[in-house]
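J.: Taking my numbering, the leading residue of the sequence shown gets 1, the next gets one more, and so forth.
Note that beta-carbon positions come from the ideal geometry of N, C-alpha and C, so glycine has one too.
Shown below is the structure under consideration.
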Amino acid sequence: MLPLRLSAASLSAAALLLAAASTTAVAHPNDARTHDTKTHTTVPDIAGGGFETPVVPAPSPFTTYLGEQAVGPWTAGGHSVDLTSDRLWDAAEGSQSLDLNGSMSGSVSQEISTHPLTSYVVSFQLAGNPAWAPALKTGELRVDGVPVKTFAFDITGHGFRNMGWTRQTAVFTNLLKNSVTLTFAGTSPGVGGPVIDDVRVQSCLLVLCPPVS
1 MLPLRLSAAS LSAAALLLAA ASTTAVAHPN DARTHDTKTH TTVPDIAGGG FETPVVPAPS
61 PFTTYLGEQA VGPWTAGGHS VDLTSDRLWD AAEGSQSLDL NGSMSGSVSQ EISTHPLTSY
121 VVSFQLAGNP AWAPALKTGE LRVDGVPVKT FAFDITGHGF RNMGWTRQTA VFTNLLKNSV
181 TLTFAGTSPG VGGPVIDDVR VQSCLLVLCP PVS
């Protein structure tokens, strides 16, 4: 067997990468920008990103899930969330989306597999429940409970058939863990909060991941 030979420069670069991180999952400083998806691969076990299951039974416009209940592959947290059919408002894709505030602010979480020294791009469509004040709907994306992105949507000028969906992007880096938990949480008060749909997760090697631009 031939001996493994690593250059001093390679070893130094790896040491700097490990030493620079204080947590296992850290936010990318430029997480609000777009990225080149050609260099990324979709994580195979992210499930239910379109919130199409379970199906909201007709003729109901939505189904409310309380904290700790399963919403397909997601788990509800906080007070409650509303899985909403396009009988009430248009989804970004498919026929269902998720209001992160049911009667009060709630959340959904899902554990995904990760690889060491890998960065992950999380993107999702964002709008807001147009039926309730306040106009500004706010929320957070968390990785293992640590906020990596705060987001907000102003419902002014939007309605059930004009939701104004916008694509949001965040990047975090995993150093050592084999899995992390993604959480989308509403932080607006009261009924009706930010609405999410079409959640996607992509990955790239930490040392090869192109800058977000």
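Check residue 46 in the structure and name its three-state DSSP category.
T.: If DSSP states are grouped into helix, strand and coil, residue 46 belongs with coil.
J.: Could you tell me the alpha carbon to alpha carbon distance between residue 86 and residue 187, rounded to whole angstroms?
T.: Whole-angstrom Cα-Cα distance: 24 Å.
J.: From residue 121 to residue 113, what does the alpha carbon distance come to, in whole angstroms?
T.: Answer to the nearest angstrom: the Cα atoms are 14 Å apart.
J.: Could you give the DSSP three-state label for residue 160: helix, strand or coil?
T.: It is coil, neither helix nor strand.
J.: In the structure shown, what three-state DSSP assignment does residue 107 receive?
T.: Looking at residue 107 - three-state DSSP - the assignment turns out to be strand.
J.: Between residue 170 and the rest of its own chain, which residues show a CB-CB distance below 6 Å, the 5 nearest in sequence each way excluded?
T.: Here the set comprises 31, 122, 141, 148, 149.
J.: Hey, is the stretch 152-163 in contact with the stretch 105-119, meaning 3+ C-beta pairs nearer than 8 Å?
T.: At 8 Å Cβ cutoff, the stretches do not touch.
J.: Given residue 73, which residues of its chain have a CB within under 7 Å of its CB, disregarding the five upstream and five downstream residues?
T.: Within the same chain, residue 73 has close Cβ partners 47, 48, 110.
J.: Using a 10 Å radius around the Cβ and a threshold of 16 neighbouring Cβ atoms, would you call residue 53 buried or exposed?
T.: That one is exposed.
J.: Going by DSSP in three states, residue 68 sits in which element: helix, strand or coil?
T.: Looking at residue 68 - three-state DSSP - the assignment turns out to be coil, as it is neither helix nor strand.
J.: In this structure, how does DSSP classify residue 165 when only helix, strand and coil are distinguished?
T.: Residue state, collapsed to three classes: coil.
J.: Quick one: Cα of residue 28 to Cα of residue 144, how far?
T.: Low local confidence applies: a pLDDT of 46 at residue 28 is under 50, so the model's placement there is unreliable, with the coordinate-based value given in what follows. Distance between the alpha carbons of residue 28 and residue 144 is about 15 Å.
J.: Enumerate in chain order the residues of its own chain whose CB-to-CB distance from residue 166 is below 8 Å, with the five nearest sequence positions on each side excluded.
T.: Cβ within range, chain order: 125, 126, 127, 153.
J.: Would you decide whether residue 189 is buried or exposed? Buried here means 16 or more other CB atoms lie within 10 Å of its CB.
T.: Answer is exposed; the Cβ neighbour count stays below 16.
J.: Among 80, 79, 82, 115, which one has its Cα closest to the Cα of residue 177?
T.: Minimum Cα distance to residue 177 is reached at 115.
J.: Give, in chain order, every unbroken run of the beta strand (DSSP E) that is at least 3 residues long and sits entirely within the stretch 88-140.
T.: The stretch 88-140 contains these whole beta strand (DSSP E) runs: 96-99, 106-113, 118-128.
J.: Is residue 101 buried or exposed, if buried means 16 or more other CB atoms sit within 10 Å of its CB?
T.: Label assigned to residue 101: buried.
J.: Distance check for residue 83 and residue 64, CA to CA, integer angstroms please.
T.: Approximately 6 Å between the Cα atoms of the pair.
J.: Looking only at its own chain, which residues have a Cβ that is under 7 Å from the Cβ of residue 139, when we skip the five neighbours before and after it?
T.: Excluding sequence neighbours, residue 139 sits near 100, 151, 184, 185, 186, 187, 193, 194.
J.: For residue 80, tell me which candidate among 103, 160, 60 has the shortest Cα-Cα distance.
T.: If we check each option's Cα against that of residue 80, 103 comes out closest.
J.: Under the rule that 16 or more other beta-carbon atoms within 10 Å means buried, what is residue 37, buried or exposed?
T.: Confidence is the limiting factor: at residue 37 the pLDDT is only 35, short of 50, which leaves the residue's position unreliable and the question unanswerable from this model.
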